[in-house]
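S.K.: Going by the numbering used here, the residue at position 63 of the sequence shown is 49; the numbering climbs one at a time, nothing skipped.
Please see the structure below; I have some questions.
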Amino acid sequence: MLINEINTILKFNGSLGIVLGSGLDHIVDLLNDKIILPYSKIDSFPSSTVDGHKGELISGYFLEKQILIARGRLHLYEGIKKEEVIMPIELFHELGVKNIIITNSSGSLLLDNKPGSLMLIDGHYDCTFLDRSRLPDLKKGDKYYNENLVKLAFIVAKENNVELLKGKYCWMHGPAYETPAEIQFLQKLGGDAVGMSTLPEVEAAKKNKMSTLVLSVLTNYAAGLDNKTLKHEDVLLNAKKAQKNFIKLVKNIILGIGAE
């Protein structure tokens, strides 16, 4: 299916895209006049196999603003290539997306940052060791995380009485959750949150000169911080608990970016 065929279905003419993380697809409920295109209908497009990731593109309107949503994130641990993981971002770019909000559910690396908290990601470490064997470098700054969108997010959070943390994200390969020893390593690096997604999308957005904002819901403590066994079902449950503040934050950021 060619890009013009895809947009014949989606009828997207906006500039804002959103990638939804585990358990965060209630954002779709904000949209009116939704048009849904399953990944399975797009040639060579992989489908997500993870619970909480449906696998579809959705165009629709929030008030007067048209938005394109990728509901169903793709992960390397599902046995797909990095080029396939970033297909939604590449498609966003081809459809004219200029601003992108990437969301995820992640584990907190600090006891002070409790599950259910919201965190703006302003830097990241690639801890997969897929491309090199030396210690991960911190990647940060406007070329990855747009300064204007970061400022907007904190203004919106303050105006709406939503606590918004700021921190560095550590990308791990998965699918197994991290061991306590790995968590100690990530803490020493300077990480605040850990997860199995997002970095390939941030890199793809940077390559395509998209303005990027990354918002994370801390859904659990990382291994070794408490005595609980990590389960994906708990990630989805805690994402749901953060739903009210998350929706309030995202919808007001959308309004702040401005109507098309």
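Beta carbons: idealized from backbone N, C-alpha and C, even for Gly.
1) In the DSSP output, which residue or residues are listed as bridge partners for H110?
2) Buried or exposed for R57, please, with buried defined as at least 16 other CB atoms from any protein chain shown within 10 angstroms of its CB.
3) Go to N90, then tell me how far its beta strand (DSSP E) extends in each direction, as first and last residue.
4) Could you check the C-alpha separation between F140 and G3 for me, to the nearest Å?
5) Go through its chain and collect everything with a Cβ distance to N231's Cβ below 7 Å, but skip five positions before and after it.
6) Tell me whether L116 is buried or exposed, calling it buried when 16 or more other Cβ atoms sit within 10 Å of its Cβ.
7) Tell me which same chain residues have a C-beta within less than 6 Å of the C-beta of I107, skipping the five on either side of it?
8) For the alpha helix (DSSP H) containing A139, list its first residue and its last residue.
9) Starting from the Cα of S8, find the closest Cα among I239, G242, I240, E219 and give me that residue.
10) Return the CA-CA distance between D128 and Y111, expressed in angstroms with no decimal places.
11) Within the continuous alpha helix (DSSP H) that includes L201, where are the two ends?
12) Could you compute how far the alpha carbon of I240 sits from the alpha carbon of R120?
13) So, with DSSP's three-state summary, where would you put G3?
14) For N238, which residues in the same chain have their Cβ closer than 7 Å to its Cβ, ignoring the five residues on either side in sequence?
15) State the DSSP-derived secondary structure class of G58, mapped to helix, strand or coil.
16) Apart from the five residues on each side of it in sequence, which residues of its chain come closer than 6 Å, Cβ to Cβ, to A245?
17) Count the other C-beta atoms from every protein chain shown that fall within 10 angstroms of the C-beta of R118, then say buried if there are 16 or more, exposed otherwise.
18) Could you compute how far the alpha carbon of N(-7) sits from the alpha carbon of G82?
19) Using the Cα positions of Y63 and L175, report the straight-line distance between them to the nearest angstrom.
M.R.: The relevant details are as follows:
1) K125, Y155
2) buried
3) 85 to 94
4) 20 Å
5) L104, V148
6) exposed
7) Y155, V200, S202
8) 133 to 145
9) E219
10) 16 Å
11) Here L201 belongs to no alpha helix (DSSP H); instead the beta strand (DSSP E) covers 197 to 207.
12) 39 Å
13) strand
14) V142, N146
15) coil
16) With a pLDDT of 39 at A245, under the threshold of 50, the modelled position of this residue cannot be trusted; read the value that follows with caution. Here the set comprises E50, K51.
17) exposed
18) 11 Å
19) 23 Å
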